Amino acid sequence: MPAYYLEALTVTLGIVLLMAEAFVPSQSKGWVGMAAAVGLVAILGLTCLAIGPDAKPAAAWAHWPLWNFYSFDTLARFYKIFALVSTLLVVLMAVDYRTILARFTDHPGSESGTGEYHALPLFACAGMMWLASARDLAGAFVALELVTITFYILVAYMRRNVGSLEAGVKYLILGALSTGFLVYGIAWIYGTTHTLNLDVIGGLLHDGRAEQIHRTPLLFGIALVMVGLGFKIGAVPMQVWIPDVYQGAPTPTTAFLSVGSKAAGFILLMRFLEPFLGSELTRKPVLTLLLILACATLLFGNLAAIPQTNFKRLLAYSSIAHAGFLLLALAAWQPFAAELNSAKVVSFYLATYLLMTLGVFFILAQVRIQRGGEAISDFNGLGKTNPQLALALTVLLAALAGVPLTAGFIGKFFVFYLAVEAHLWWALGIATLAAATGFYYYFKVIRAVWWMPPPHDTPLTLPPISKACIAVLTLLVLLFGIWPQPIWMLLQ
Amino acid sequence: MLALLVFIPIAAFIAILFGAPARLTAIGAAAVNLALALYAAASWHCTSWAFSVPVLAKPALNLAFGFPDGMSVIMVLLTAIVTLAAVLSGQAPEGRDKLYFGSSLLLSGGALGAFAATDLFFFYAFHELALIPTFLMIGILGRGERRAAAWKITIYLGLGSIVLLAGLVWLANLTGTFDMGKMVAAAGGIEPAAQKGIAALLIVGFGTLVSLFPFHSWAAPAYASAPAPIAMLHAGVLKKFGLYGLLRLAIPLVPDGLQAWLNPLLILLLGNILWVGYVTVAQKRLDLLLGNSSVMHMGYIFLAIAALIAMPDNPLARSAAIVLMFAHGISIALLFGLADRIERSTGSLDLADLGGLAKATPALAFLFGIAAMASIGLPGLANFAGEVLVFLSAFKSYNGTTGLGPVQLACILSIWGVVISAVYMLRAYRNIFQGPVAGLTAGVPDIPLTDRIPAILLIVTLLAVGLYPNLLLNLLN
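Residue numbers (my numbering), protein chains in the order written: chain A, 1 to 492; chain B, 1 to 477.
In structure tokens:
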């Protein structure tokens, strides 16, 4: 099966569900989300059948010109799986989040206005999956816009909630601005290299023609594209939108933004940078820029997280902080050919980040629904009323902080390992400081959970879907902390 | 086989989480573990103890346990003994016994993992695993200013661990391996500048974990408010991780770097012995007094380490440090256990509230007396063996022609510490057990049999090592 069927199937599933949702009368819209989840699991199963033209050169589809825009390799497969898994979990989270959605849409109390919310993530998923395979800047741009436009809707979905609307407007304006940067940068690159295809650019920079390329405009274009992508991944200087948008958006959207959208940004960034980092012409300045961005992002994300009292906002800053660690792995660039390369480390880190972050968001969504708030103090005394849930939250937060024997530590460990190999001593110092700060603010939440008295003694009752997801994610975080091989095998 | 020793407490923790009877499971697991540890100590040369499972290909990581030398064996023994005593003597508050015993087991499993690990990654990781229940338990079930104390220990030890991690990653990068045995074999090539940097990171990192002056202020409030088994296990066992790390990694790998920091280290350890010693004398509560005394005694072990730094082939210093680590671990656990008993029967640990307790509880007074004597360093008890070895080892590098070196001067000054600890320990004993009977202590029942067993277990250990130190020294040769 050619790999692009996966995207086609995802989009088809989305369209079918949107139409079904519009025409099938029903009180509850939970079934839309469940149908989307079942469809996503099926597509996830199909990823192991997907192949590129190299695997089957004789097939008719192998000669389509589409393959100039689209590649299918290990990384592409990994990020397609990543997009599918994160969408699956977000869709499941949304099913349990229906009551809050219903409160702030058309008819408060009825779910009639919430159906699209369960189908739209599929379109973003298709965009992310395409990004994983993009080898042409035009195609990548279209896919990225598919993701971004879907998010415009998802962020502002609770239209009777001022916070959500504000988040939507901020995301729209800054998103449009970053798109501008991106297109402008792509135009400069096209102007200097006369192509949009990253493979062609890579070849151009490698052979003798490199001297004919004007260095300054090319670097200008690269810097612009990096700024534009910085918006997606939440890196300085395009990080300002993150706290407000994360806080205002519906929790499943926030989770999706912080995991899916970030991963899509990183795979595109890696594919985009790979040819430029392979060439002596552009290597040094690009690495310097990456290093500066990484250090600034690490410092900003971690230091600004310290005084936060709202947990969702804290997670927003933590998301910036993790982007800093990921950028550090890129700044310590090891080409794809190396055994322990930057792309692998970033992918591994993102995979662990997915597990921990989505697990925390599942818990946050339930606390929001049942205790009515998202502040750290709303987690007070969870250890007394729900010890098992509190244990899961402790494991997940410890993993985010990078405590050993959790998956989060292994991710950070690889980043540090790469940085040491690249002799980035100053950046290592900053990263150490950042990790120490992270330890502080994540433990602030753990402190509230275990040490503070609960406001009242009624325990949270977890719906079965959330309960199962939290349990599975927590166990995986522990398992991969001791035995990271399964994720590693997906990347071989 | 060694993996079993680590996984039994962790498995018991999981069992307790899923509803096994907490106290019984904990005692059972600790007893089985002690039997295993004794068996291991008897046959530690046997290669079948080693255990290794590959975790990652590049960088090569193995989940590996083993006994590289007798030091690990002694630390594992110490952990097993103190764990059994801790779960036997602890009494959980109403309805929290899952948490209470479960986290004690997790702490014990982490400590055993750290002492038995032969891979740097897991050496560090298991120690962190043990720290988390420590933090949580102090915050949840602690006494007095529990939140402030717990937050303080979290921040201090968290920062210390990260400084330590930086040093360890640097070491691993220079030696190119995470296998601690191979690291030591590849030690020769580390250049002096790097050695100095690594040594500083390791002294501060490990030092914070061991409450080296001036990074010690987390210790006394944390121990004072911690539930008894946590105080016993952390002060007795887990804290020794830092000293163990210095002996295992810093001494063989960065000897020249440590040499450069020898004089500052001597000043810091005198801070532990003299400064904290005087602070201890001023304490008005038994729990804070014990907490501070435990900080103070770390100074002697650092003195042995300093003697080893000054003279790397010093035959006594290493044994001295290890014997004293063991002896201090047992005696401080005993003291914390008995202090908890005093508080449970009288409701207070304030020295002003107590008095004449010996009349009502002669057995408790006798046991506490032995523990206090051990802590002072009375001959016949293990601490004496350790302290004498420390002082002797400090003079091993004495050179008659150049006169007293810095290590000898520090040693002479630190002998004053023995007097200080006699002052505060005897004063505490007199205040609590002798003199007129205070209101709180009248009619208090004597220590019951269930609490005598763990105390006797620890005292027998102290006596055995004190009368026949070769029990431990033979393991080291």
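Glycine included, each C-beta is placed from N, C-alpha and C at the ideal position. Fair warning: this is a prediction, and the values are worked out from it, not measured in the lab.
Where do the N-terminal and C-terminal ends of the alpha helix (DSSP H) with residue i fall, by residue?
i      : result
S112/A : Premise fails: S112/A is in no alpha helix (DSSP H) and is neither H nor E.
A64/B  : Counting along the chain, A64/B falls outside any alpha helix (DSSP H), though it belongs to the beta strand (DSSP E) covering L61 to F65.
F413/A : A407 to E421
N173/B : R146 to T175
E7/A   : Y5 to F23
H206/A : L198 to H206
S414/B : P406 to F433
G429/A : W425 to W451
G271/B : No alpha helix (DSSP H) holds G271/B; DSSP gives it neither H nor E.
C48/A  : Neither: C48/A is in no alpha helix (DSSP H) and is coded neither H nor E.
L66/A  : From DSSP, L66/A is part of no alpha helix (DSSP H); its letter is neither H nor E.
N474/B : N470 to L476
L478/A : P464 to I482
A365/B : P362 to I376
Measuring straight from C-alpha to C-alpha, what distance separates residue i and residue j?
i      : j      : result
A37/B  : L367/B : 26 Å
P192/B : H127/B : 29 Å
H45/B  : F67/B  : 8 Å
F409/A : V403/A : 5 Å
H118/A : I465/A : 15 Å
R447/A : L440/B : 35 Å
A22/A  : P121/A : 16 Å
A511/A : P53/A  : Because chain A in this structure spans residues 1 to 492, residue 511/A falls outside the shown range and cannot be described.
L308/B : A199/B : 14 Å
G429/A : L165/B : 12 Å
T25/B  : R96/B  : 15 Å
Y424/B : W426/A : 47 Å
I16/B  : M137/B : 16 Å
N474/B : G466/B : 14 Å
S26/A  : Y97/A  : 18 Å
Can you tell me where the beta strand (DSSP E) with residue i in it begins and where it stops?
i     : result
V53/B : F51 to L56
Specify the secondary structure class of residue i as computed by DSSP and reduced to three states.
i      : result
R160/A : coil
A310/A : Looking at the sequence provided, one finds Asn at residue 310/A rather than Ala. Residue state, collapsed to three classes: strand.
A292/B : Per the sequence shown, residue 292/B should be read as Asn rather than Ala. Helix at N292/B.
D350/B : strand
N314/B : coil
R371/A : helix
A116/B : helix
N399/B : strand
A134/A : strand
D179/B : strand
P2/A   : strand
R285/B : strand
Chain A contacts made by the segment 130 to 158 of chain B, where a contact means CB separation under 7 Å: I132, L136, G139, I140, R147, A150, W151, T154, I155 and G158
Under 9 Å (Cβ pairs) to chain B, residues found in the segment 471 to 483 of chain A: G481, I482 and W483
Segment contact, 8 Å Cβ cut-off, at least three pairs: the segment 126 to 146 of chain A with the segment 69 to 87 of chain A: yes
Validate contact between the segment 436 to 443 of chain A and the segment 346 to 363 of chain A using beta carbons, cut 8 Å, 3 pairs: no
Residues of the segment 417 to 435 of chain B whose Cβ lies closer than 7 Å to any Cβ of chain A, in chain order: none
Inter-stretch contact (C-beta, 8 Å, three-pair minimum) for the segment 271 to 284 of chain B and the segment 410 to 429 of chain B: yes
Touch test, the segment 143 to 155 of chain B against the segment 176 to 196 of chain B, Cβ-Cβ under 8 Å, three pairs minimum: no
Touching by the beta-carbon criterion (3+ pairs, under 8 Å), the segment 355 to 374 of chain A and the segment 455 to 463 of chain A: yes
Given 8 Å, three or more beta-carbon pairs between the segment 210 to 228 of chain B and the segment 135 to 145 of chain B: yes
Cβ contact check for the segment 198 to 208 of chain B and the segment 53 to 66 of chain B: 3 or more pairs under 8 Å: no
Three or more C-beta pairs below 8 Å linking the segment 76 to 94 of chain A and the segment 123 to 130 of chain A: yes
Three-pair Cβ contact test at 8 Å for the segment 221 to 228 of chain A versus the segment 283 to 297 of chain A: yes
Cβ contact check for the segment 289 to 297 of chain B and the segment 264 to 271 of chain B: 3 or more pairs under 8 Å: no
Segment contact, 8 Å Cβ cut-off, at least three pairs: the segment 46 to 55 of chain B with the segment 98 to 111 of chain B: no
Short-range partners of chain B found in the segment 436 to 469 of chain A, where Cβ spacing is below 7 Å: A436, F439, Y440, F443, R447, W450 and W451
The segment 195 to 211 of chain A touching the segment 145 to 164 of chain A, judged by at least three CB pairs closer than 8 Å: no
Inter-stretch contact (C-beta, 8 Å, three-pair minimum) for the segment 316 to 331 of chain B and the segment 371 to 391 of chain B: yes
The segment 389 to 396 of chain B touching the segment 243 to 251 of chain B, judged by at least three CB pairs closer than 8 Å: no
Three or more C-beta pairs below 8 Å linking the segment 394 to 412 of chain B and the segment 343 to 350 of chain B: no
Segment contact, 8 Å Cβ cut-off, at least three pairs: the segment 262 to 272 of chain A with the segment 162 to 172 of chain A: no
Members of the segment 382 to 398 of chain A that neighbour chain B once the beta carbon cut-off is set at 9 Å: G383, K384, P387, Q388, L391, T394 and A398
Residues within the segment 65 to 84 of chain A neighbouring chain B, beta-carbon criterion of under 8 Å: none
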